[in-house]
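In the UniProt record's numbering, the protein residues as written are 1 to 293.
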Amino acid sequence: MKLKRAKAYKKQLHQYELNFGFREPYQVLLDSQILEDAYSCKIDLLARLQKLLGAQVKPMITTCDMRHLYNAEPKNETLILQAKEYERRRCNHQDLEKPLSTLECLSSVVDPKDNGTNKHRYVVATNDPDTRAKMRTIAGVPIIYLSKSIVLMESMAEATEQHREREEKSKFKLGLKGQRKPDEAPKRKREDEGQAGEGDQSVGDQATGEVKPKAKKRKGPKGPNPLSMKKPKKEKTAQPSATKKARPSTAEIDGDKQRGDREESAPRKRRRKHKSKAEGGSDAPDGGEPASP
1 MKLKRAKAYK
11 KQLHQYELNF
21 GFREPYQVLL
31 DSQILEDAYS
41 CKIDLLARLQ
51 KLLGAQVKPM
61 ITTCDMRHLY
71 NAEPKNETLI
81 LQAKEYERRR
91 CNHQDLEKPL
101 STLECLSSVV
111 DPKDNGTNKH
121 RYVVATNDPD
131 TRAKMRTIAG
141 VPIIYLSKSI
151 VLMESMAEAT
161 EQHREREEKS
171 KFKLGLKGQR
181 KPDEAPKRKR
191 EDEGQAGEGD
201 QSVGDQATGE
211 VKPKAKKRKG
221 PKGPNPLSMK
231 KPKKEKTAQP
241 SATKKARPST
251 AEIDGDKQRG
261 DREESAPRKR
271 RRKHKSKAEG
281 GSDAPDGGEP
291 ASP
């Protein structure tokens, strides 16, 4: 697939997603004719569809188209086995003696209420010209067909383009609905509920039908940037009460301890005891011999 064509398909699918709610994996309704043409051209239709849409696909086939494959002459068993792997889309026509045509069956499945909308967001892959013409009248139906072994997708039909334009206009109007018209008077809002005088005045204006313009507030000088200001210093906490005793400092405790250690380490001095005269009866020194005559 050419790059230019791939970009156009991607842009077109994006419009289907925005306006009609398409999402991956895409549900692709296949008819019996495009399956037969793909088999005769010996192409892998499922792989081509995934490449064209750029996403995963969920192939589906109706009961009527499945009956067309069974009733074909000659019967292609390989194609029937391949179609059985696809998801069966019940069209509620299985009780009929003969299956409905592809045009009637796909029209009832894509647009069951006949109101021109693709309710279940189907992508229709068909080679029947009448079916393709019918699908163009239904808004939001991507149409895929096979041309000389090339899988192509039709551009947006006129009904789809008109529906997309209506949706865009309605969204634009909804966006403008909330805006005030230029000839309407501005709404009055009470800033403070406690201002009774202003409230009474507004009620009187509503009664007379006159609306006075709201007085503009005068703005004072701008303050400094709070991020550039210096942070205030934290206040010191109150000193403890006088009743509590002051704990001695660590230095004082260490000094007392060192003094006590020095005192313990110094040697003790021995002092000689002297006997009194009353006890010894002589002036002789203690421990000495008596004096000679």
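The C-beta atom is built at its ideal place from N, Cα and C for all residues, glycine as well.
Whole-number beta carbon distance between residue j and residue i, since they are thought to touch under 8 Å
i	j	result
residue 110	residue 135	7 Å
residue 78	residue 33	Residue 78 to residue 33, Cβ: 17 Å. No contact.
residue 37	residue 146	5 Å
Residue i to residue j span [Cα, whole Å]
i	j	result
residue 132	residue 121	16 Å
residue 11	residue 21	15 Å
residue 299	residue 125	The structure shown does not extend to residue 299, since the chain spans only 1 to 293, so no value can be given for it.
residue 67	residue 29	15 Å
residue 91	residue 169	35 Å
residue 164	residue 218	50 Å
residue 231	residue 223	15 Å
residue 15	residue 141	12 Å
residue 226	residue 216	26 Å
residue 130	residue 55	28 Å
residue 65	residue 47	21 Å
residue 71	residue 98	10 Å
residue 221	residue 233	26 Å
residue 13	residue 171	20 Å
residue 96	residue 5	42 Å
residue 113	residue 214	56 Å
residue 27	residue 89	11 Å
residue 174	residue 74	58 Å
Of the listed residues the options, nearest to residue i (C-alpha basis)
i	options	result
residue 116	157, 67 and 30	157
residue 144	49, 89 and 100	49
residue 106	44, 98, 118 and 95	118
residue 162	139, 172 and 174	139
residue 148	167, 166, 270 and 127	127
residue 41	233, 51 and 151	151
residue 25	51, 5, 44 and 7	51
residue 43	82, 73 and 27	82
Close beta carbons around residue i, own chain, < 8 Å, minus the five adjacent residues each side
i	result
residue 87	58, 59, 60 and 61
residue 3	none
residue 23	17 and 121
residue 76	36, 39 and 69
Own chain residues within Cβ distance below 6 Å of residue i, not counting five before or after
i	result
residue 154	143
residue 17	none
residue 39	79
Neighbourhood of residue i by C-beta, 7 Å cutoff - its chain only, sequence neighbours within 5 removed
i	result
residue 167	19
residue 7	none
residue 100	64 and 93
residue 9	52 and 153
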